[in-house]
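Scroll down for the structure; my scribbles are underneath it.
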Amino acid sequence: MEKLFKKNQGGTVLFLGRVTNFTPIELSNFLEAQGMKYADKYTGQEVVLLVLSSMMTPLEEELSYDLYDMKVPDVKLAEFENFYTSHIKPNTLLMSLKLSNDQERLTRLLKNSSFPDDVYLKLFKMYNWGSEGVYENDENRDATITFVERFYRPDGFRDPAMVYSPITLSNIARDAKTSDILDAMLTMPNHEIKQSRKEDLRPKNLYEIVALNPNVAPENIRYLLSFNDDRIKSFLACNSAIRVDAQELIFKKSNVVTKIMLTQNSNLDDKLFIELLKSDDEIVKSLLTFQKLTDLRLNSILESNLSEEVMKLMGENQEIVDVAEKLIGLNKMLDHKLSSNKQLNSEQLSELYKKYGDEFILALSTNPNLNPKLLEEFYVKGEERVVVNVASNPATPQAILDELGKRNIHRYNRGLAVNPSVKLIYLEQFALDSELIMLMTQNQTYLDSINSAHIGMRNDDRY
Numbered sequence: 302m303e304k305l306f307k308k309n310q311g312g313t314v315l316f317l318g319r320v321t322n323f324t325p326i327e328l329s330n331f332l333e334a335q336g337m338k339y340a341d342k343y344t345g346q347e348v349v350l351l352v353l354s355s356m357m358t359p360l361e362e363e364l365s366y367d368l369y370d371m372k373v374p375d376v377k378l379a380e381f382e383n384f385y386t387s388h389i390k391p392n393t394l395l396m397s398l399k400l401s402n403d404q405e406r407l408t409r410l411l412k413n414s415s416f417p418d419d420v421y422l423k424l425f426k427m428y429n430w431g432s433e434g435v436y437e438n439d440e441n442r443d444a445t446i447t448f449v450e451r452f453y454r455p456d457g458f459r460d461p462a463m464v465y466s467p468i469t470l471s472n473i474a475r476d477a478k479t480s481d482i483l484d485a486m487l488t489m490p491n492h493e494i495k496q497s498r499k500e501d502l503r504p505k506n507l508y509e510i511v512a513l514n515p516n517v518a519p520e521n522i523r524y525l526l527s528f529n530d531d532r533i534k535s536f537l538a539c540n541s542a543i544r545v546d547a548q549e550l551i552f553k554k555s556n557v558v559t560k561i562m563l564t565q566n567s568n569l570d571d572k573l574f575i576e577l578l579k580s581d582d583e584i585v586k587s588l589l590t591f592q593k594l595t596d597l598r599l600n601s602i603l604e605s606n607l608s609e610e611v612m613k614l615m616g617e618n619q620e621i622v623d624v625a626e627k628l629i630g631l632n633k634m635l636d637h638k639l640s641s642n643k644q645l646n647s648e649q650l651s652e653l654y655k656k657y658g659d660e661f662i663l664a665l666s667t668n669p670n671l672n673p674k675l676l677e678e679f680y681v682k683g684e685e686r687v688v689v690n691v692a693s694n695p696a697t698p699q700a701i702l703d704e705l706g707k708r709n710i711h712r713y714n715r716g717l718a719v720n721p722s723v724k725l726i727y728l729e730q731f732a733l734d735s736e737l738i739m740l741m742t743q744n745q746t747y748l749d750s751i752n753s754a755h756i757g758m759r760n761d762d763r764y
């Protein structure tokens, strides 16, 4: 178009069909700046370029064919919009809108998909929602749809109808990878999410979902805290993006629920960890269950003189690798929990067995890190509940799994059905049992077999 305009200065650009994103005055001014003339009706003038909308009347379509026969070049309206938009200076446009507060023009500009995301978001934040919700009038609904069409990018299949679904906004807020999108969403009315079930610990509106997103910017965290809303504080409390200063502010103004959420923050500050240790048992139990345990934190726990009932919760913690050796032997209840914890290594589990013997055999037999020789010993002992655990343990020697598969005893088959180390030949036999096939939905070996069958990759050497 640049070359065509330079070659045909003073020529006419004819627009056929409906143009919604620009007014005739805007198009006329733009073309005049390019040394061209604007027209939306053909009166026999010399046309050097035809711009075709997707919405044309039959008469306009017939005229476009006639002009095509006359060798008049044409472009689609979307191509022209890209060309027009590339000549817009964003800072000038934003200043003009700020001074004029022309919401009608702003609404049209939001529909222009040619703007890059950063410019669009600046425009979007200037939109005035009035006192109504995001879908409660035509103008707000149109603005919301431009946002959804631009940023609803699911990983899987995209249903076009989802663009018009109110739930899609919550999906964008949940999945947004950049803070600028979340920043723009906080300029929208706080859209409520309708839920079929009442669950207090699930987000119920747009701001609560934004509060959970780890990409939320520090300035937006402060903005969300300014609402002084306990639910928003609770969701922010478990957000790993929250910095220490915000964590401290939340802690000072938090109720029990918010403190429990804070105990589940993977970036909890050490000082707050120590402060939370002084809380009620419910909060301390959550802290010991979910927080990563380091030497510093373990020392603070030991100095707190907690009961054995509370201390045993460290045995369920999946972030104990750094202190696992130091936890063994602190108390019997804790050792029992540690016996089934997958964070312990083979040597540490063997140490527990030497110390307690068969007293902990049920818990130890579930642990995939247990020495296979010990699993052989447990199997030989023949205690039914232990054999079921051995059947489900991926570390169990193959010879034992084969023997159990051949025995075909239902209570043992239930353990084998979830074990990814079991040969596929047995798993396929279990597929005839409705209960076992439900259990096998957890078995990656069986699921991989099903997936490979669908893409024609199965072969007979899989046994």
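Mapping of the sequence shown onto this note's numbering: residues 302 to 764, in sequence order.
Ideal Cβ placement from N, Cα and C applies to all residues, glycine included.
Given the structure is predicted, the values throughout are model-derived calculations rather than measurements.
Secondary structure of residue i, DSSP reduced to three states
i      : result
PHE316 : strand
TYR428 : coil
ALA718 : helix
VAL691 : helix
TYR436 : coil
LYS643 : coil
LYS412 : coil
SER466 : coil
PHE323 : coil
GLN649 : helix
ASP282 : There is simply no residue 282 to check, as the chain begins at 302 and stops at 764 in what is shown.
VAL545 : helix
Exposure of residue i, with buried meaning 16 or more beta-carbon neighbours within 10 Å
i      : result
ALA477 : buried
GLY285 : Absent from the model: residue 285. The displayed extent of the chain is 302 to 764, so no value can be given.
MET741 : buried
GLN745 : exposed
HIS492 : buried
MET758 : Because the pLDDT of MET758 is 47, which lies under 50, any placement of that residue in the model is unreliable, and the number read from its coordinates should be weighed accordingly. Classification for MET758: exposed.
SER640 : buried
GLU464 : The displayed chain sequence assigns Val, not Glu, to residue 464. That one is exposed.
ALA538 : buried
TYR421 : buried
ALA334 : exposed
GLY716 : buried
ASP367 : exposed
ARG503 : exposed
SER355 : exposed
ASN529 : exposed
GLN743 : exposed
ASN429 : exposed
GLU509 : buried
Nearest-angstrom beta carbon gap, residue j and residue i [assumed within contact, 8 Å]
i      : j      : result
PHE416 : THR447 : About 10 Å; that fails the 8 Å criterion.
PHE381 : VAL352 : 5 Å
LEU594 : GLU610 : No, LEU594 and GLU610 are not in contact; Cβ-Cβ is about 18 Å, not under 8 Å.
MET337 : PHE306 : 6 Å
TYR713 : VAL688 : 6 Å
PRO325 : ASP341 : 6 Å
LEU526 : PHE552 : Not confirmed; about 12 Å, so no contact.
PRO669 : ALA696 : 5 Å
Whole-angstrom distance between residue j and residue i, CA atom to CA atom
i      : j      : result
GLN644 : ALA625 : 8 Å
GLU729 : PRO519 : 52 Å
ASP761 : LYS707 : Interpretation of ASP761 is limited by its pLDDT of 45, a score under 50 that renders its predicted location unreliable; the figure taken from the coordinates is listed afterwards. Each residue's alpha carbon lies about 20 Å from the other.
LEU628 : ASP582 : 20 Å
GLU327 : ASP419 : 23 Å
LEU398 : LEU407 : 7 Å
GLU685 : SER735 : 23 Å
VAL376 : ASP460 : 30 Å
VAL681 : LEU569 : 46 Å
ALA462 : LEU650 : 54 Å
TYR339 : LEU317 : 11 Å
ARG523 : ASN566 : 18 Å
GLU361 : LYS505 : 50 Å
LYS586 : MET634 : 14 Å
LEU702 : ASN606 : 45 Å
PHE661 : GLU652 : 12 Å
ASN322 : LYS372 : 28 Å
ILE482 : PRO515 : 13 Å
LEU737 : GLY683 : 23 Å
ASP484 : ASP571 : 29 Å
SER601 : GLN548 : 19 Å
MET357 : LEU410 : 22 Å
Per DSSP, the bridge partner or partners of residue i
i      : result
LEU353 : LEU317, LYS377
GLU493 : ASN506
TYR339 : VAL314
VAL348 : THR313
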